[in-house]
Every structure is written in C-alpha cells, then in structure tokens.
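Chemist:
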Amino acid sequence: MDRLLMVFYRIYQVCVMAPVILVVTIVTAVLTVAGSACGFGKWWGYYPEILWARLFCWLAFVKVTVEGRENIDAKTSYVFVANHQGAYDIFAIYGYLGHNFRWMMKIGLKKIPFVGWACKWAGQIFVDNSTAAATRKTMEAAERQLRGGMSLVVFPEGARTLDGRIHKFKKGAYRLAVEFGLPVVPVTIDGVYDVMPRTAMLPRPGHIKLTIHRPIHPTTDGHDLPRLMQESFDAISSALPEANRAPASGPTFSD
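The structure is reproduced here in structure tokens:
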C-alpha cells in the first residue's frame, strides 16, 4: 500500500474503526451473556458473533471468500480443524463458515473483559493443559458440547504461526473425533498472514480465502488417529501457497 494511503488508513483505524469495534464488542458481549443466561445460548452464542466478526473484516477492508461450503450439512456435527495464520482466522471463520459451532480456545482469552465473559456464557471451551486434572476438565467440557449436537472448531497447531507456514498438529481435537465417531472437516485459511500476522498490532486491507474440504468420515471400524491427522493436514496444505506449506521434512503431528 502507498505510504500516504497507509498513514490515512492508520488514522482511520484509530479514529473510526477502533471506537466502532469497541462499542459493538461490548454490545455483542452483553447480548450474548443475557441471551445465554435466559437459556438460549445455542442461538445467542453464535449468531450475534457473525455480525461482530464480519464487522472486523468490513471495517479493515478485508474481503473474505469461501469455497466448499456445499461440503457440510447444517444438521451434522463436525470437528472442524484449521491452520492458524493470525488473529483474523477467528473473524473469518466466525463470520463466514456458515455452521453453528463452539471454539476450543486458549484459556488466556477468558481474561479479556466482555469477550471472555461472553465466551464463558456461550459455552466456548477453554483449553487448560496446566495439569492432568485441568486437561481432563477441558475434554469433559468438549464432550458435553458434542453430546448436545454442537460442532467444534479447533486450531490443532495450538498457536498462530510465526513464519506463515503451517506447523505440526496436536492430537487433542482428533481424539474427540475418534471417541465420538464424528467427521473431521479440514478448513484451509489463506491470506490472514498478510492481513495481520502474529507480530502485527493492526491489520492491513487484504483478501482471506476459506476452503472447506470434504469431511473425513470414520470407517466402520472408527477413525484411525494417525491417518485422520495426516489426511486433514494434507487437505489443509493442498489449498495453501507453497510459501505457507510445511517444510518437506519433519513430522506433521505431535502429542
């Protein structure tokens, strides 16, 4: 972007975008907490957040396109797994996936004012691996959501990439898919690293593309964990530019 345009863009972000997002975030959080407290968490924990997430994209002049939405069924529970390029992964998936779900997210997000409260009331799953008991509690919360017919979205890398490349996956989400015999849907996120990488404080205008791949269904014998992880990793990688794929050598998943 031209330097002068970037200066005006940053002024716009500070003077217009940030105040609007702050107000909308507070309003969305309050509505989510109130609606969920009244027993309607399945609706209030998802639909207001769609507008909230899209607003983040619209105000930052970030275009999001989706391919493969026909591969999923609104009435089916899935475990969605996606690569994690940056903060705008959350807004792209929340705003444009088109399927009700709950997140498995870092427990540190629970401390964010308003956002953390809304996530708690909406039934988002905070991942705490500090102790064996905490990990077990995390998995129990995820199991409750899956038993209720809800889908989950997980970033199996566990953290945003620092170099733009996809990195090895952790097994937690896949173990849930194996236990419940649920289809796993790989989702490729491309473009977020250019919009707002982990090291950036503010986004840039850009284009994010979501590719929803075909579900990986369990066989009659259930899922084979290594095969499931490898197939989803390969599917996600297939829709990434070469520069964002994993190095040719090294494992693609870990504990």
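In our numbering, each residue carries its 1-based index in the sequence shown increased by 1224.
Even for Gly, the Cβ is constructed at its ideal location relative to N, Cα and C.
Could you tell me which of Leu1406, Val1305 and Phe1264 sits nearest to histidine 1447, measuring between CA atoms?
Modeler: Translated into the one-based positions of the sequence shown, residue 1447 becomes position 223. Taking only the C-alpha atoms, the option nearest histidine 1447 is Leu1406.
Chemist: Taking a contact to mean a Cβ-Cβ separation below 9 Å, would you say valine 1377 touches tryptophan 1327 in this structure?
Modeler: For the purposes of this step, residue 1377 is identified with residue 153 of the sequence shown, where counting begins at 1. For the purposes of this step, residue 1327 is identified with residue 103 of the sequence shown, where counting begins at 1. Their beta carbons are under 9 Å apart, which means valine 1377 touches tryptophan 1327 by this criterion.
Chemist: Since serine 1375 is in the beta strand (DSSP E), which residue starts that stretch and which ends it?
Modeler: Position 151 of the sequence shown, counted from the first residue, corresponds to residue 1375. Per DSSP, serine 1375 belongs to the beta strand (DSSP E) from 1375 to 1378.
Chemist: Should alanine 1365 and valine 1303 be called a contact, given that it needs their Cβ atoms to be closer than 9 Å?
Modeler: Taking the first residue of the sequence shown as 1, we reach residue 1365 at position 141. Taking the first residue of the sequence shown as 1, we reach residue 1303 at position 79. In this structure, valine 1303 does not lie closer than 9 Å to alanine 1365 by Cβ.
Chemist: Whole angstroms are fine: how far does the CA of leucine 1321 sit from the CA of threonine 1300?
Modeler: Here residue 1300 refers to the residue found at position 76 when the sequence shown is read from its first residue. Here residue 1321 refers to the residue found at position 97 when the sequence shown is read from its first residue. Rounded to whole angstroms, threonine 1300 to leucine 1321 spans 14 Å at the Cα level.
Chemist: If you measure between the beta carbons of asparagine 1307 and valine 1411, is that distance less than 9 Å?
Modeler: In the sequence shown, residue 1307 corresponds to position 83, counting from 1. In the sequence shown, residue 1411 corresponds to position 187, counting from 1. A contact, by the Cβ cut-off of 9 Å.
Chemist: Quick check on aspartate 1458: does DSSP put it in helix, strand or coil?
Modeler: Counted from its first residue, the sequence shown places residue 1458 at position 234. In the structure shown, aspartate 1458 sits in a helix (DSSP, three-state: H, G or I).
Chemist: In the DSSP assignment, what are the bridge partners of alanine 1306?
Modeler: Taking the first residue of the sequence shown as 1, we reach residue 1306 at position 82. In the DSSP output, where bridge partners are listed per residue, alanine 1306 has Val1411.
Chemist: Answer yes if the segment 1250 to 1258 comes into contact with the segment 1340 to 1359, meaning at least three C-beta pairs across the two stretches below 8 Å, and no otherwise.
Modeler: The segment 1340 to 1359 vs the segment 1250 to 1258: in contact.
Chemist: Could you tell me which residues DSSP pairs with glutamate 1403 in its beta bridges?
Modeler: The count along the sequence shown starts at 1 and reaches residue 1403 at position 179. Answer by DSSP bridge pairing: none, since glutamate 1403 is not bridged.
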